[in-house]
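Heads up: the sequence shown at position 371 corresponds to 371 in UniProt numbering, and the numbers run straight through without jumps. Just so it is clear, CB atoms sit at the ideal spot from N, CA and C, and this is done for glycine as well. Please read these numbers as outputs of a predicted model, since none were measured by experiment.
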Amino acid sequence: MDRRSWLWRRKSSEKSLGETESSGSISSHSERFSDEQAFAAHSSQSLEVTSKVVVAEEDVNDRVETLSERLSAALLNINAKEELVKQHAKVAEEAVTGWEKAENEVSVLKKQLESATERNSSLENRVTHLDGALKECLRQLRQSREEQEVRINEVIAEKTREWELINSDLRPKLDAAERQNSALKSELLSRVAELEVRTIELDLSTKAAETASKQNLESIKKVAKLEAEIRRLKAEARKAASASSFCIESFTDSQSDAGEQTLAVENSARNEFDPVLTRRESRTFNLVKGLNNWRNGKTLGKNLMVPSLEADLMDDFLEMERLAGLPDAEAGSSRIGARAMSDQFRENQLRSELDAMINRTSELEEEIEKKDAEKAELEAALTQFQEQLGKSGSCLKVTEVRLKEIESRTTELEEQIEKKEAEKAELQVSARQFHEQLDKSENCLKEAEKRLTELETRLSVVEKLKGGAEEKMKATESQLRDAAAKMESLRDKVKSLEEELGLERADKLEKEEKCRTLEEEISRMRKEVELQQNAELLQVAPSSDELKLKQVQELAAAASKFAECQKTITSLGQKLKSLASLEDFLVESDEIPGLMNEEDSEHPQNTDGPNESDPSDSNLLNRESDYTGGNSTPEKARERGGTNPSQNRNVPSEKSRHGIGKFPSRGRKIGS
């Protein structure tokens, strides 16, 4: 309000300055006219008193110069007033264009308000729709989350029950198979140990049989050697017996008897030994063959000690050789007795050896029979053990097959358990992902709720702005109505002013013609005055009083014409004042909507803008009353205060400085 009142005060001060300038120019003209009248009266008196022609001519020249200056000043003022009139017309055009622009802005604001209301309604509908959709999404998400959790819990419980049942079924089976496997392993180890013991015993028995058979063969070889030695000794005894026939015959008889006995003993021994040897050899060979076949080529390299019987036989054999190697000189009875003794000794020795060998063979036969029985028992035990070993091997194979089946079943179960654990992990991962999705959806819902709150706040702000805009629109509509009424009145005034301007232009043309005629008359009068001066200088006539009277009359006529010109100039100045006041009013009326918009933006509820245009109306009425109040007299001009003609020339610059010339034309003319 202070700003607008200051603007009004500034406009009124500018107008008062323009009025004082125009009034000062008019008062200066009136003062000059009164001075000229006084100067004319004084000059007439001085012409009547003085008689100097040079002084009168100088006065006339001065008056002519002053009149020419006044006319030029009047022409300048008229041109300035015409420029002001043009500027006023431009300002009126600009006011009309501003009014049209304000109407366009009002229509644009109405359209924007309608679009804003439509947007608000669409946003409200969308917000309600989004709210319902969000609630539905929340409900569906919660329902799907609950269903998913129930399904996951059911699947996990079912899989855990199945795994526990399978584990409980397989655990005792696996324990029983392990116990059975351990029992079979222990039994197999015991059977293997027993088999090793039996094989060791069998090896020992086969070794003993082999040593016995070797001893038997060696004894048989020794017996054969002894028989061959006996035969050789008999042949030698036959060749050496040549001493006495009786002794020899008796000796030969006894020897033959002994030989027959020895042969019989040998034959019987051979007959006894042959089946025993064949039987022993066959048994030993069969036993060795069986042992070799069973042991896969194992050999025996141990020998038993030779009995003391072999040493005795060797001693006897050496004794006999010693006796046989005695010299022939000792032949006779001693040799025969020795031979008889030796034969007897040998016979006894052979008998003892034969008895010992028979006993030994009988013992060996008994041992062989025992060994055969033991061998049969061992073979039976071995076959039985082999049968048991085969049975245990088949049982072991069956247990191995069952163990493999159990292991495969356990691997399958472990794979199933791993699969179930993987499925469980996948379900847990999917559950985590689902929880993450739920968290994301909850975050999205929170963001959507935040957006809803923001939209609601924006809606409330928009509604407030809408209310303020509606109030502003109402205020602007009321202001526009007032401005429209004022514009109608202004248009009427502009039309009347245009008519007055036309009349003033016509008057101006007439006055210009009058000024031209006056200038011509003044120039003619100057020429006449110059001619008169020349004539007066050439001849001094007694008719100087008449010339002075004519000059006074002409000056009085020029003064009257000049007074009329001054009156017309004052009337034009008043009209230009009224036009300047109209221009100021139009400028103020063009500035009123902008000021009102500024004040509405600062104070939205202040709608008393149209009441502030009353000072302009009062100023306009005052100026119209000044315009219609009649012509100003020179006395009033003197009361207002005089000014120089240079101040009148500065009027257009003052107007342009106070803002009249700042409004450019927009290319439109009123009422052409």
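Self-check item: Nearest neighbour of Ala448, chosen from Leu138, Glu58, Lys110, Ile200 [CA to CA]
Solution: Ala448 has its Cα closest to that of Leu138, out of Leu138, Glu58, Lys110, Ile200.
Quiz prompt | Neighbourhood of Cys515 by C-beta, 8 Å cutoff - its chain only, sequence neighbours within 5 removed | solution = Closer than 8 Å at Cβ, skipping near neighbours: Leu71, Ala74, Leu75, Cys565.
Exercise. Quick one: using the 10 Å Cβ neighbour count with 16 as the cut-off for buried, is Glu179 buried or exposed?
Key: Here the sequence assigns Arg to residue 179, which means Glu is not the residue at that position. Burial call: exposed.
Quiz item: Expressed to the nearest angstrom, what Euclidean distance is found between the alpha-carbon atoms of Thr284 and Glu387?
Solution: With a pLDDT of only 44 at Thr284, under the threshold of 50, the placement of this residue in the model should not be trusted; the figure read from the coordinates follows. Straight across, the Cα-Cα distance linking Thr284 with Glu387 is about 27 Å.
Practice problem: Please classify Gln553: is it buried, with 16 or more other beta-carbons within 10 angstroms of its beta-carbon, or exposed? | Solution: Looking at its Cβ environment, which holds fewer than 16 other Cβ atoms inside 10 Å, Gln553 is exposed.
Exercise. Evaluate the contact criterion for the region 95–104 versus the region 412–422: three or more CB pairs, one atom per stretch, below 8 Å.
Key: A contact between stretches requires three or more CB pairs, one per stretch, nearer than 8 Å, and the region 95–104 fails this requirement with the region 412–422.
Quiz item: With 16 as the cutoff for other CB atoms within 10 Å, does His129 come out buried or exposed?
Solution: Residue environment for His129: exposed (fewer than 16 other C-beta atoms within 10 angstroms of its C-beta).
Quiz item: Quick check: the region 433–452 against the region 205–219, are there 3 or more CB pairs under 8 Å?
Solution: Counting C-beta pairs closer than 8 Å gives fewer than three between the region 433–452 and the region 205–219, which falls short of the contact rule.
Self-check item: Spatial distance of Ala541 from Glu499 (CA atoms)
Solution: For Ala541, the predicted structure reports a pLDDT of 46, less than 50, and the residue's modelled location is therefore unreliable. The matter cannot be settled from this model.
Quiz item: Residues in its own chain within less than 7 Å of Leu455 by CB, not counting five upstream and five downstream?
Solution: Cβ neighbours of Leu455 beyond the five flanking positions: Leu123, Val127.
Practice problem: Give me the Cβ distance between Lys420 and Lys173, rounded to the nearest whole Å; I'm assuming they're in contact under 8 Å. | Solution: About 20 Å; that fails the 8 Å criterion.
Quiz item: Within this structure, are the beta carbons of Leu501 and Val85 separated by less than 8 Å?
Solution: Inclusion of Leu501 and Val85 in the CB contact set at 8 Å is warranted, their separation being smaller than that value.
Practice problem: Tell whether a beta-carbon distance below 8 Å holds between Ile569 and Asn77. | Solution: The Cβ-Cβ distance between Ile569 and Asn77 falls below 8 Å.
Exercise. Let me know if Val91 comes out buried or exposed under the rule of 16 or more other beta-carbons within 10 Å of its beta-carbon.
Key: It counts as buried.
Self-check item: Distance CB(Leu202)-CB(Leu403) smaller than 8 Å
Solution: When the beta-carbon positions are compared, Leu202 and Leu403 stay at least 8 Å from each other.
Quiz prompt | Backbone CA spacing between Leu445 and Asp482 [nearest angstrom] | solution = Approximately 53 Å between the Cα atoms of the pair.
Exercise. Please confirm if the region 509–524 is in contact with the region 463–477, defined as three or more CB-CB distances below 8 Å between the two stretches.
Key: Taking a cut-off of 8 Å on C-beta distances, the region 509–524 does not touch the region 463–477, as fewer than three cross pairs fall below it.
Quiz item: Nearest to Lys111 by alpha carbon, out of Glu136, Met473, Ala183, Gln416?
Solution: It is Met473.
Quiz item: Using the beta-carbon count (16 or more within 10 Å), is Glu442 buried or exposed?
Solution: Glu442 is exposed by the Cβ-count criterion.
Exercise. Would you check if the distance between the CB atom of Leu188 and the CB atom of Thr399 is smaller than 8 Å?
Key: No, the pair does not count as a contact, with Cβ atoms beyond the cut-off.
Quiz item: When the Cβ atoms of the region 420–429 are set against those of the region 142–158, are three or more pairs found closer than 8 Å?
Solution: Cβ pair count under 8 Å is three or more, so yes.
Self-check item: Beta-carbon proximity of Arg191 to Leu382, cut-off 8 Å
Solution: No, the Cβ-Cβ distance between Arg191 and Leu382 is not below 8 Å.
Quiz item: Rounded to a whole number of angstroms, what is the C-alpha to C-alpha distance between Glu530 and Asp507?
Solution: Rounded to whole angstroms, Glu530 to Asp507 spans 33 Å at the Cα level.
Exercise. Could you tell me the distance, in whole angstroms, from the CA atom of Glu227 to the CA atom of Asn216?
Key: When rounded, the distance between both Cα atoms is 17 Å.
Practice problem: Using only alpha-carbon positions, find the residue among Glu471, Ala237, Glu149, His88 that is nearest to Leu113. | Solution: For Leu113, the nearest C-alpha among the options comes from Glu471.
Quiz item: What is the rounded straight-line gap between the Cα of Asp175 and the Cα of Leu204?
Solution: Going from the Cα of Asp175 to the Cα of Leu204 covers about 44 Å.
Quiz item: By how many angstroms is the C-alpha of Arg432 removed from the C-alpha of Arg171?
Solution: Taking the straight line from one Cα to the other gives about 34 Å.
Quiz item: CA-CA distance, Arg360 and Lys222?
Solution: Using only the alpha carbons, I get a separation of about 14 Å.
Quiz item: What whole-angstrom Cβ distance do Lys561 and Leu518 have, given they're in contact under 8 Å?
Solution: About 6 Å; that satisfies the 8 Å criterion.
Practice problem: Assuming Ala116 contacts Lys466 (C-beta within less than 8 Å), just tell me the rounded distance between them. | Solution: Rounded, the Cβ-Cβ distance is 6 Å, consistent with contact.
Quiz item: By how many angstroms is the C-alpha of Leu233 removed from the C-alpha of Ile220?
Solution: Rounded to whole angstroms, Ile220 to Leu233 spans 20 Å at the Cα level.
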